[in-house]
Every structure is written in C-alpha cells, then in structure tokens.
Amino acid sequence: MTRRITLAAAQLGPIQRAEGRDVAVGRMLRLMEKAHQRGAQVVVFPELALTTFFPRWYEEDLAQANHWYETALPSNATAPLFEAARRYGIGFHLGYAELTPEGHRYNTAVYVHPSGQVVLKYRKVHLPGHRDFDPVRRVQHLEKRYFEPGDLGFPVIRAPIADTEANIGMMICNDRRWPEAWRVLGLQQVELVMLGYNTPSLNAENKGFEAHHLRVAHSHLSIQAGAYQNACFAVATAKAGTEDGHELFGHSIIVNPQGEIMAQATSWDDELIVAEADLGMCELGRRTIFDFARHRRPEHYTRITAQTGSEAPPRWQT
Ligand code: ING
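Residue numbers 33 to 350, in our numbering, belong to the letters of the sequence shown in order.
See the structure below:
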C-alpha cells in the first residue's frame, strides 16, 4: 500500500537577540498556516527555533544564559504551536534549548504529533565549536559551553503521520556532517530524517578558511549523501539571515532516498518549501544497493567505534 506524506521545511529568517519567543512563535504560526494551505502533514522547524543562535554570545555565569532555554514544553510561549498543530492536523519538529529539572542543558529537538503528544525527542550529539571564550575567533561558537552531548543516542520510531505511518528519526545541524549519525538511523530503517540547522555562512575561525561558496555545498553534500546511503528522505531546515550582524545561511532542502533535492529555499528569510514523499521509495535502496544485511561487513568496521580520533598509519618500509 502506497504511503505518501507531504513534507514541509519551515525555514526561519533571523531572530535578533532582543526578540522574544513570541516573535518567533508568531512567525512559525504563519508558516504552519501556509503549510496547512499547501496540504503539508509534517512541518520541520529549525534548530534552536525559538531564540537567536545564542552560542555566539559568551556568558561567564551559565545561569545568566538560562533565559535562552525551555524548562517545559509546551510552555505559555510555545502552546500556540501545539494548538495550531491540533487545529490543522499537522505534526511538527521543533528545535530548542532544553534545561532539565536536574540542571542538564541540551540542544534538543522533538517531533510533536497533531494530538500534542511528543512522539520523539533527540538531543544533539555532535557539538561543534568550543567551551571557553576564544579570542582568535571573530565570532564565538560556544555550543560546548552551553550544551552537554546528547544522551539519547539516535532513536527511530514508527509513528503515525497523516493517514499512514513512517519510521522517523532526527539529528541536529552539525550531526549531518557525521556519516555515523546517518548510519545509526539507517540501521533502524529510518524513512524520514528531520533536521534543523543554524550554520554561519562565514568561517568563524580566523585560522581556518573555507570558501564561502563551499559552506552551502558541504551542507547539501552531507545531507544528500546521508539520505542516499541510508535510503531515506531528509527535511533539513535552516534558521537563516543576519542575527545582530552575524550571518547564517539558508538553503533549506528536502531530499529523497536517491539523494535528489526535491525542494530548496531560495531566500534567507521565513520561507516554506513543500514536497510529496512516497515512502515506498526507501524500499528500493534498502532492498538493493543498501541492503545492509547482504552487503555490510561489520567485522572490518571496528575502528569506527573503537577509536575517537584518527591515528597515523605505519610508514612503508622497503
Ligand atoms: N553549526 C555549524 C554546522 O555544523 C559548523 C557549525 C559550520 C561546523 C561550518 C563546521 C563548518 O553546520 C551548528 N550549529 O552545528
């Protein structure tokens, strides 16, 4: 039986440091209404969608950063998103900063069913950047200061979506650059990967240089390869534009299990892109080229989990 779902990436433009959650939520509600008008059944919002990308700002005392985090979901600020989801019958992915009752801090994403139930939660595993103020950088990227590595692994769940169901999984931003993240989801037969990102369009490290045009290319390369090599769809949604003078790139995309870009945002502002997915397309890859059971040789992959860093190879001797 064909399982078709209409996917939407709800890209957000910039959120300025001084703007409250109500501004972001108001803009997200307008995007959700557009998604409803265009027949979308799943909406993917970006990473840290409720606030500015605050890891660019250094705080000596972490408690002074608490206002960037959610201690409950829904909250008064986010409840309108849950109400809209129920009204439109739309499931949505939301990225936000999580502060747990025990005081743990995570870069988190949830998938919320139209009923308002949180079906899946994920906490970002790969935290880029640094922990302490780095005077070399023009812009700080303090994710290792403000978040702990995720402790939930990369879960996949088969969840009801629209009038069918799908195997859904998530990752966040930097995770997309690590093939291990995609493969752990692929080994659970993921069909739809939802991921949000906030990616600076300029390399923040003075000592490193990555040509501007390659920033987007590397992002798309990572997502297209991950979707193709694990026979899944991916909805990758940016927060974009210039936040207090610091630029994040947009180029949100929806990718199919062949690695093809089905839809791409062309602005760096609030923008909805939509594509219809036939989940049966995942079967093709999973039954042929990427039939893991038939083709993988884990006995030769032990380095992947045994090692963290790379090791220099032995020198060839005559
Ligand atoms: N941002 C960036 C990302 O991985 C980055 C950090 C940019 C790393 C460019 C490497 C190169 O897309 C987040 N938030 O992870």
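All C-beta atoms in this analysis are idealised placements derived from N, C-alpha and C, irrespective of residue type, glycine included.
Start-to-end residues for the beta strand (DSSP E) that takes in residue i
{"i": "Lys-156", "result": "Unbroken run through Lys-156: none, as it is neither H nor E."}
{"i": "Tyr-178", "result": "Unbroken run through Tyr-178 is the alpha helix (DSSP H), 175–178; no beta strand (DSSP E)."}
{"i": "Arg-36", "result": "36–43"}
{"i": "Gly-161", "result": "Neither: Gly-161 is in no beta strand (DSSP E) and is coded neither H nor E."}
{"i": "His-278", "result": "278–280"}
Distance cut-off 8 Å: residue i Cβ against heavy atoms of the ligand ING
{"i": "Ser-251", "result": "yes"}
{"i": "His-162", "result": "no"}
{"i": "Phe-85", "result": "yes"}
{"i": "Tyr-138", "result": "no"}
{"i": "Pro-232", "result": "yes"}
{"i": "Tyr-229", "result": "yes"}
{"i": "Gly-125", "result": "According to the sequence as given, residue 125 is His; it is not Gly. Because no heavy atom of the ligand ING lies under 8 Å away, the Cβ of His-125 does not count as near it: no."}
{"i": "Arg-247", "result": "yes"}
{"i": "Cys-314", "result": "no"}
{"i": "Ile-47", "result": "no"}
{"i": "Glu-212", "result": "no"}
{"i": "Glu-242", "result": "yes"}
{"i": "Glu-130", "result": "no"}
{"i": "Asn-98", "result": "no"}
{"i": "Ile-255", "result": "no"}
{"i": "Glu-175", "result": "yes"}
{"i": "Ile-204", "result": "yes"}
{"i": "Glu-79", "result": "yes"}
{"i": "Arg-169", "result": "no"}
{"i": "Arg-208", "result": "yes"}
Continuous alpha helix (DSSP H) stretch holding residue i: start and end
{"i": "Ile-122", "result": "Taken as a continuous stretch (DSSP letters only), Ile-122 belongs to no alpha helix (DSSP H), as it is neither H nor E."}
{"i": "Phe-324", "result": "324–327"}
{"i": "Asp-54", "result": "53–69"}
{"i": "Gln-256", "result": "244–261"}
{"i": "Arg-190", "result": "Premise fails: Arg-190 lies in the beta strand (DSSP E), 188–193, not in any alpha helix (DSSP H)."}
{"i": "Arg-318", "result": "313–319"}
{"i": "Val-171", "result": "From DSSP, Val-171 is part of no alpha helix (DSSP H); its letter is neither H nor E."}
{"i": "Val-76", "result": "Unbroken run through Val-76 is the beta strand (DSSP E), 74–76; no alpha helix (DSSP H)."}
{"i": "Gly-218", "result": "211–218"}
{"i": "Ile-47", "result": "From DSSP, Ile-47 is part of no alpha helix (DSSP H); its letter is neither H nor E."}
{"i": "Ala-338", "result": "334–338"}
Residues of its chain near residue i, where Cβ-Cβ distance is below 6 Å and the 5 sequence neighbours each way are ignored
{"i": "Ser-233", "result": "Arg-247, Glu-279 and Phe-281"}
{"i": "Val-150", "result": "Val-142 and Val-144"}
{"i": "Gly-317", "result": "Ala-263 and Pro-289"}
{"i": "Gly-258", "result": "Trp-214"}
{"i": "Gly-218", "result": "Asn-262"}
{"i": "Val-216", "result": "Phe-186"}
Same chain, Cβ closer than 7 Å to residue i, five either side skipped, listed in chain order
{"i": "Lys-66", "result": "Leu-304"}
{"i": "Glu-197", "result": "Arg-190 and Ala-191"}
{"i": "Glu-180", "result": "His-136, Arg-137 and Tyr-138"}
{"i": "Val-171", "result": "Arg-88, Pro-232, Ala-236 and His-278"}
{"i": "Gly-121", "result": "Pro-146"}
{"i": "Thr-103", "result": "Leu-131"}
{"i": "Lys-176", "result": "Leu-159, Gly-161, His-162 and Arg-163"}
Buried or exposed by the 16-neighbour rule on C-beta atoms within 10 Å, applied to residue i
{"i": "Glu-92", "result": "exposed"}
{"i": "Trp-300", "result": "buried"}
{"i": "His-250", "result": "exposed"}
{"i": "Gln-256", "result": "buried"}
{"i": "Ala-50", "result": "exposed"}
{"i": "Leu-94", "result": "exposed"}
{"i": "Gly-201", "result": "buried"}
{"i": "Pro-167", "result": "exposed"}
{"i": "Phe-77", "result": "buried"}
{"i": "His-125", "result": "buried"}
Neighbourhood of residue i by C-beta distance below 8 Å, restricted to the same chain and skipping five residues each side
{"i": "His-173", "result": "Pro-87, Arg-88, Pro-160, Gly-161, His-162, Pro-232 and Ala-236"}
{"i": "Ala-344", "result": "none"}
{"i": "Leu-184", "result": "Lys-153, Tyr-154 and Arg-155"}
{"i": "Asp-54", "result": "Ala-109"}
Closer than 8 Å: residue i CB and nearest the ligand SAM heavy atom
{"i": "Trp-300", "result": "In the structure on display, the ligand SAM does not appear, and the ligands it does have are the ligand ING."}
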